[in-house]
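Residue numbers (our numbering): 5 to 449.
Ideal Cβ positions, reconstructed from N, Cα and C, are used throughout, including at glycine.
Treat the numbers as computed from the prediction; the structure is a model and nothing was measured.
One structure is given below, encoded as C-alpha cells.
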Ligand SMILES: C[S@@+](CC[C@H](N)C(=O)[O-])C[C@H]1O[C@@H](n2cnc3c(N)ncnc32)[C@H](O)[C@@H]1O
C-alpha cells in the first residue's frame with residue numbers, strides 16, 4: 005500500500021503530522037484557513053490562540069480553581085486535535101496527568117488525524133474521541149472546560165455547551181464571523197447577536213463585548229454567571245475566555261454588566277455613565293471620545309453613535325493577564341533539542357524551530373503583563389481618536405502618553421488592541437493636558 009504523504013510541523017512545543025494540502029492555497033496560513041484543501045483543517049494563524057489556551061489552563065490548574073482530581077476537558081471542534089495535544093504535551097506532568105481529554109469533531113477523517121498524531125508522538129495520556137455534532141454530543145455534560153472554535157459564528161453552540169458545563173467551569177469561545185460582530189454585516193449582527201455595532205476604530209472591542217454579553221445572557225438563562233478571564237482580537241478572529249459558575253444570584257445580576265457604548269457622548273450621557281460607575285474619567289462637561297451607559301438607560305436605537313447591547317465590565321482578569329509572562333510561557337511552550345530529535349526534526353533545523361516558537365510565543369502574549377498593572381475598568385483610548393476632543397496636531401505616541409499618565413500617579417499602558425491605543429482610568433483633564441504635552445514635545449523634537 006502506498007504510504008500517505010504527510011508534513012511534519014511544530015507549534016509551541018508540540019509536533020504534528022498533517023496531510024499535505026492537495027493544492028496550494030495562496031491564502032493558507034493567513035486567512036480563515038483551508039477548509040477544502042486538507043483532509044483535516046489546520047490554520048497556523050491560530051497558533052497564538054492555542055498558546056494562550058495552554059497558558060490559561062496552566063494558570064487555572066496552578067491556582068486550584070478546580071477541586072482535586074480529574075478534569076474533564078473537551079476540545080469541542082477539534083479538527084486535528086492540535087489544541088488538545090498541546091495541553092497534554094506542554095503542561096507540566098503533574099497537571100497534564102489530571103486531564104481527561106476529549107476531542108469532538110463531526111468528521112471521522114479529523115479524528116483519524118488525532119489518532120495518527122497521538123500514536124506517532126506517544127502521548128502518555130489518552131485522548132477520548134467523540135465523533136458527531138458537538139451540539140448533541142456535549143450534553144452528556146459535567147465538563148470542567150470546553151473549547152469552542154468553529155468556522156464562523158459560535159452562536160449555535162453556546163446554549164448546549166453552557167448547559168453541559170460543571171458547576172465551576174471554564175469556557176473558551178472563538179468567533180471568526182468578525183464582520184457580523186464588528187457591525188460591518190448589519191443583518192447578521194442583529195440576527196445572531198441581537199445587537200448593533202458602530203463600525204469605527206472601537207468596532208473589534210465592541211465585537212468582543214457583544215460576544216461576551218451574549219455568552220453572559222445565555223449563561224444567565226441556565227442559572228450561571230460569567231467572569232471574563234481574557235478577550236483577544238487577533239487577525240481574523242475574536243476570542244473570549246470566561247469562568248462560568250452555577251449561581252442563581254449571579255445570573256440574576258447579569259444586567260449589571262450589560263449596556264451601551266455611546267460615541268461622542270453629551271454631558272448628560274457622561275454624567276449618567278459616571279453615576280452608574282461606568283466612567284472613571286469624570287469631567288462630564290468636557291468633550292470625550294465615548295462612554296458606556298447601563299442597559300436601562302434609554303437610548304435611541306436610530307442614533308448612529310450607539311453600539312450594543314454589549315458587555316460594559318472588564319474584559320479580562322488581572323491575575324490571568326499577569327500570569328501570561330514570557331518566562332512562564334517559555335518554560336512551557338518551547339521545545340528542547342532532544343524532543344525535537346525524537347519527533348524526527350533534523351538537527352540542523354532545531355535552532356530555527358526553537359527561535360520560530362519563541363517569536364510566536366512572544367507575539368501571543370505581548371503587553372498582557374503590562375495590562376495586568378492597570379485598573380481593570382480602564383478605558384480603551386484610541387490615540388488617533390483623541391482629536392477633536394483634545395486639540396492635537398497629531399496623535400501622541402501611545403507609549404509616551406501611557407508613561408506620562410503612569411508617572412502622574414495613574415497606572416496606564418499601551419493596549420494589546422491592534423489599533424494604537426492606551427488603557428487608562430486617569431481623570432480626563434489629566435489625559436487632556438498630558439496628551440497635549442506629549443504630542444507638542446514630539447512635534448518639537
Ligand atoms: C475551525 S475548525 C477547528 C480548528 C481546531 N480547533 C484547531 O485549533 O485546529 C472547526 C472544526 O469543527 C468541525 N465541525 C464543524 N461543525 C461541527 C459540529 N456541529 N460538531 C462537531 N464538529 C464540527 C469541523 O469538521 C472542523 O474540523
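| Check | Outcome |
| --- | --- |
| Cβ contact check for the segment 258 to 277 and the segment 291 to 309: 3 or more pairs under 8 Å | yes |
| Residue 349, DSSP secondary structure in three states | coil |
| Simplified DSSP assignment, three categories, for residue 231 | strand |
| Residue environment, residue 413, which counts as buried when at least 16 other CB atoms sit within 10 Å | exposed |
| Supposed contact pair residue 408 and residue 417 - C-beta distance, whole angstroms, cut 8 Å | Between residue 408 and residue 417 the Cβ distance is about 12 Å, and since that is not below 8 Å, they are no contact. |
| Residue span of the beta strand (DSSP E) that contains residue 149, given as start and end | 147 to 152 |
| Extent of the continuous alpha helix (DSSP H) run through residue 176 | From DSSP, residue 176 is part of no alpha helix (DSSP H) but of the beta strand (DSSP E) over 169 to 179. |
| Residue 87 CB to nearest heavy atom of ligand 1 below 6 Å | yes |
| Whole runs of the alpha helix (DSSP H) within the segment 232 to 270, excluding any shorter than 4 residues | 252 to 256 |
| Sufficient close CB pairs (3 or more, under 8 Å) joining the segment 132 to 146 to the segment 96 to 112 | yes |
| C-beta atoms of residue 18 and residue 89 nearer than 7 Å | yes |
| Own chain, CB closer than 7 Å to residue 376, minus 5 neighbours either side, in chain order | 322, 325, 326 |
| C-alpha distance - residue 383 paired with residue 184, whole-angstrom precision | 23 Å |
| 7 Å Cβ shell around residue 169 - same chain, five flanking residues per side excluded | 147, 150, 175, 248 |
| Straight-line Cα distance separating residue 439 from residue 332 | 35 Å |
| Residue 208, buried or exposed, once every other Cβ within 10 Å from all chains shown has been counted against 16 | buried |
| Contact test: residue 83 Cβ vs ligand 1 heavy atom, cutoff 6 Å | yes |
| Residue 128 beta carbon near ligand 1 (any heavy atom closer than 6 Å) | no |
| Opposing strand residues paired with residue 106 [DSSP bridges] | 78, 132 |
| Unbroken alpha helix (DSSP H) run spanning residue 337, endpoints | 330 to 337 |
| Between the CA atoms of residue 288 and residue 278 - distance to the nearest angstrom | 8 Å |
| Straight-line Cα distance separating residue 240 from residue 49 | 9 Å |
| Residue 161, DSSP secondary structure in three states | helix |
| Buried or exposed (CB count within 10 angstroms, at least 16 for buried), residue 187 | buried |
| Three-state class that DSSP yields for residue 188 in the structure shown | coil |
| Residue 17 - DSSP class collapsed to helix/strand/coil | coil |
| Residue 10 versus residue 118: straight-line alpha-carbon distance, rounded | 14 Å |
| Residue burial classification, residue 37 (beta-carbon count within 10 angstroms, cutoff 16) | Any reading at residue 37 needs caution, since the residue's pLDDT is 45, under 50, leaving its predicted position unreliable; the model's value is listed next. Label assigned to residue 37: buried. |
| Any non-hydrogen atom of ligand 1 closer than 6 Å to residue 116 Cβ | no |
| Beta strand (DSSP E) segments (min. 3 residues) lying fully within the segment 287 to 314 | 294 to 298 |
| Distance between residue 387 and residue 432 (C-alpha atoms, nearest Å) | 14 Å |
| Check: residue 109 C-beta below 6 Å from any heavy atom of ligand 1 | yes |
| Exposure label - residue 348; buried when at least 16 CB within 10 Å | exposed |
| Where residue 24 falls, given that 16 or more other Cβ within 10 Å makes a residue buried | exposed |
| Residue range of the beta strand (DSSP E) that includes residue 425 | 425 to 428 |
| Distance cut-off 6 Å: residue 92 Cβ against heavy atoms of ligand 1 | no |
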